[in-house]
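Peer 1: Sharing a structure below in structure tokens format, with a few things to ask.
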Amino acid sequence: MGEIRFNEETLRDGQQSLWANRMTTSSMLPIAETMDRAGFSSINIMSGSAFETCILYLYENPWERLRLLSQHMPKTDLQVLIRGRSAFGWKRFPNDAIELLIKCLKKCGIKGLAVFDGLNDLNNIKWHMQVAKEIGLQIHPALVFALSPVHTDEYYAGKARECAEMGVDSVTLADASGLLTPERVKTLVPAIKKAIGHLDLSFVSHCGTGLGTSCYQEAMKLGVNVLSTASTPLSQGNSIPSTWETLSFARENGWQVNLNDFLVKKIDDYFYWVAYQEKKPIGQRVPFNLNYYKKYAAHQIPGGMMSHLASQLKNLGLEHRLPEVLEEAGRVRQEIGYPVMVTPFSQIVAVQAVFNVIQKERYRTVPSDLCLYARGYYGELAAPIEPNIKDRILEGEDPTPIDPAENYLE
């Protein structure tokens with residue numbers, strides 16, 4: 461059997477999912493050289509939310525973190541994750557700002573750019589990939605998985621084919637919400653593999669529904685080349701599968717894994733110690749529950765947004781109406797074209813659902829972000845907005861379509 465390679469995500473996805481990005485640079489540096497020698501094909505070390513948290517909550521310079529980690533990990537390809545036109549922020553940035561950001565990342569020692577768009581609109585990340593290619597960075601676009609009638613295997617295969625035609629280095633199937641099942645993996649992974657030909661297919665799924673590990677095991681059998689994993693204390697729960705468990709399964713079933721077992725365990729031990737010292741939680745395995753999965757799949761609001769939503773309703777004295785809001789969120793998502801429930805779309809859907817429930821008249825109040833969404837500000841939608849709903853959203857507003865690339869330097 462072939463080789464399974466590993467993208468290490470403890471410093472990015474692991475701590476983002478379980479520690480709200482509160483891991484300090486000083487907690488990362490002592491283990492960085494060990495991680496560099498462990499045999500990972502790449503290590504992802506930063507995202508937009510981590511960049512923001514560094515400044516607002518940790519009072520650190522995120523650029524200095526990138527430089528220091530690059531110095532401590534010279535052997536391994538270091539990656540940074542960028543979200544579409546908003547990059548490291550919350551508003552759209554012009555092409556020249558995106559270009560400057562990517563060039564600064566390379567100056568700090570970054571070798572790979574992982575990039576995605578919340579609507580899977582590849583026009584929103586073409587410029588990123590063009591700039592990265594011109595300056596010699598590896599390009600790893602991610603397609604974000606969602607459940608809906610329009611997010612079919614054919615939909616993802618078509619998007620993957622477009623990525624391949626752009627000359628990327630790999631394509632990633634990213635299940636940020638843990639919605640993939642092993643049964644869906646059996647049809648989706650082969651469809652994407654066929655579409656991208658010789659390119660590597662990377663896969664990342666989360667464990668919040670209890671299915672992440674079994675999806676990894678199925679994906680290996682179907683030819684996935686690279687899996688994203690985290691150290692054991694920062695895996696499972698709302699995070700991703702653990703490196704140790706995944707490499708053990710791969711070896712036991714005949715795949716070649718070029719990781720140093722001793723160093724992988726040393727990394728695990730170190731982060732257990734950090735969790736103990738800093739009183740941080742350890743990831744706990746979540747058992748699969750069909751009833752929970754069905755309810756979650758109906759609205760697809762991610763865990764972080766869910767806790768914020770419950771808190772806001774409690775402040776309003778309306779916590780007992782959370783089930784109504786979640787049901788309404790599923791309805792709103794369907795009506796506005798099934799957006800993938802990642803930032804900012806999970807927030808847009810949830811806020812509209814709250815208004816619809818508490819005001820007893822649907823779409824009586826519409827946030828400006830939803831108006832912009834309906835006008836095309838964020839990009840091409842997977843499905844059209846229902847016409848009568850679009851009329852309600854844009855009632856009294858300028859309905860002129862917005863080109864998401866307008867005013868950008870070419």
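Heads up, the final residue of the sequence shown is numbered 870 in my numbering, and it's a clean run with no missing numbers. Backbone N, C-alpha and C define an ideal beta-carbon position, used for all residues, glycine too.
In the DSSP assignment, find the unbroken beta strand (DSSP E) run with Ala634 in it and report its ends.
Peer 2: 630-635 is the span of the beta strand (DSSP E), which, as asked, contains Ala634.
Peer 1: Tell me the DSSP secondary structure of Pro650 in three-state form.
Peer 2: Residue state, collapsed to three classes: helix.
Peer 1: By DSSP, does Leu869 sit in helix, in strand, or in coil?
Peer 2: At Leu869, the pLDDT of 45 sits below 50, so the modelled position is not reliable; the number obtained from the coordinates is stated separately. Coil.
Peer 1: State the CB to CB distance for the pair Arg621 and Asn584, rounded to an integer number of angstroms; the pair is presumed to be in contact (CB under 8 Å).
Peer 2: About 17 Å separates the two Cβ atoms, so there is no contact after all.
Peer 1: Buried or exposed for Arg543, please, with buried defined as at least 16 other CB atoms from any protein chain shown within 10 angstroms of its CB.
Peer 2: Buried is the call here.
Peer 1: Which residue wins for smallest C-alpha separation from Met483, given the options Thr647, Lys740, Ser695?
Peer 2: Per the Cα distances, Lys740.
Peer 1: Can you tell me whether Pro861 is helix, strand or coil according to DSSP?
Peer 2: Of the three classes helix, strand and coil, the one that applies to Pro861 here is coil, per DSSP.
Peer 1: Please go through the same chain and pick out, in chain order, the residues whose beta-carbon is closer than 6 Å to the beta-carbon of Glu870, but skip the five residues on each side of it.
Peer 2: Residue placement at Glu870 is poorly supported in this model, since its pLDDT is 44, which falls under 50; the coordinates still yield a value, given next. Nothing meets the Cβ criterion.
Peer 1: Just reading off the beta strand (DSSP E) that His600 is part of, what are its end residues?
Peer 2: Its beta strand (DSSP E) spans residues 598-604.
Peer 1: Looking only at its own chain, which residues have a Cβ that is under 7 Å from the Cβ of Thr825, when we skip the five neighbours before and after it?
Peer 2: So the list reads Phe815, Gln819, once near-sequence residues are dropped.
Peer 1: Are the CB atoms of Val800 and Gly618 nearer to each other than 7 Å?
Peer 2: Taking 7 Å as the Cβ cut-off, Val800 and Gly618 do not qualify as a contacting pair.
Peer 1: Short of 6 Å in beta carbon distance, which residues of its chain neighbour Asn720, apart from the five on each side in sequence? Order them along the chain.
Peer 2: Within the same chain, Asn720 has close Cβ partners Ala498, Gly499.
Peer 1: Around the C-beta of Lys653, are 16 or more other C-beta atoms found within 10 angstroms, so that it is buried, or is it exposed?
Peer 2: By the 10 Å Cβ count, Lys653 comes out buried.
Peer 1: Whose CA, out of Gly627, Glu643, His588, Leu582, lies closest to the CA of Tyr616?
Peer 2: Tyr616 has its Cα closest to that of Leu582, out of Gly627, Glu643, His588, Leu582.
Peer 1: In whole angstroms, what is the alpha-carbon distance linking Thr513 and Pro650?
Peer 2: About 38 Å.
Peer 1: What residue does the beta strand (DSSP E) around Ser828 start on, and which one ends it?
Peer 2: Looking at the DSSP string, Ser828 is not in any beta strand (DSSP E); the run it does join, the alpha helix (DSSP H), is 828-834.
Peer 1: Which residue spans inside the segment 724-764 form an unbroken alpha helix (DSSP H) run of at least 4?
Peer 2: Counting only runs of 4 or more, we get 750-759.
Peer 1: Out of curiosity, what's the CA-to-CA distance linking Ser691 and Asn751?
Peer 2: Distance between the alpha carbons of Ser691 and Asn751: 30 Å.
Peer 1: Figure out for me which residue from Asp728, Gly697, Ser507, Ser662 has the closest Cα to the Cα of Trp704.
Peer 2: Per the Cα distances, Asp728.
Peer 1: Is Gly743 near Ser708, with beta carbons less than 7 Å apart?
Peer 2: No; because the gap between Cβ atoms is not below 7 Å, this pair is not in contact.
Peer 1: Check each candidate in Val792, Val686, Tyr753, Glu643 and name the one with the smallest Cα separation from Ala834.
Peer 2: The shortest C-alpha separation from Ala834 is found at Val792.
Peer 1: Label Met461 either buried or exposed according to how many other C-beta atoms from any shown protein chain fall within 10 Å of its C-beta, with 16 as the threshold for buried.
Peer 2: So Met461 ends up on the exposed side.
Peer 1: Considering only their Cβ atoms, is the gap separating Leu633 from Phe466 smaller than 7 Å?
Peer 2: The answer is no: Cβ separation not under 7 Å.
Peer 1: For the beta strand (DSSP E) holding Val540, just list the boundary residues, first then last.
Peer 2: Unbroken beta strand (DSSP E) run through Val540: 537-543.
Peer 1: Any idea which residues DSSP pairs Arg465 with across the strands?
Peer 2: Its beta-bridge partners are Val686.
Peer 1: Using three-state DSSP, classify Glu792 as helix, strand or coil.
Peer 2: A small correction: the amino acid at residue 792 is Val; Glu does not occupy that position in the sequence shown. Note: Val792 maps to helix in three-state DSSP.
Peer 1: Can you round the beta-carbon distance between Pro701 and Tyr736 to whole angstroms, since I take them to be within the 8 Å contact cut?
Peer 2: Actually they are not in contact, since the Cβ atoms of Pro701 and Tyr736 sit about 22 Å apart, beyond 8 Å.
Peer 1: Starting from Leu516 and walking both ways along the alpha helix (DSSP H), at which residues does that stretch end?
Peer 2: Counting along the chain, the alpha helix (DSSP H) containing Leu516 begins and ends at 508-516.
Peer 1: For the candidate residues Val734, Ser771, Ala770, Pro783, whose alpha-carbon lies nearest to that of Ala758?
Peer 2: Residue Pro783 is the option with its Cα nearest to Ala758.
Peer 1: Under 7 Å, do Val684 and Phe663 count as touching if we go by C-beta distance?
Peer 2: Yes; because the gap between Cβ atoms is below 7 Å, this pair is in contact.
Peer 1: Are the CB atoms of Leu541 and Ser876 within a distance shorter than 7 Å?
Peer 2: For residue 876 there is no data in the structure shown, the boundaries of the chain being 461 and 870.
Peer 1: Determine the closest residue to Leu529 out of Ile505, Pro693, Glu821, Asn718, with distance taken between C-alpha atoms.
Peer 2: Ranking the options by Cα distance to Leu529, first place goes to Ile505.
Peer 1: DSSP has Val664 in a bridge; who is on the other side?
Peer 2: Per DSSP, Ala634.
Peer 1: With H, G and I counted as helix, E and B as strand and the rest as coil, what does DSSP make of Ile505?
Peer 2: Three-state DSSP puts Ile505 in a strand.
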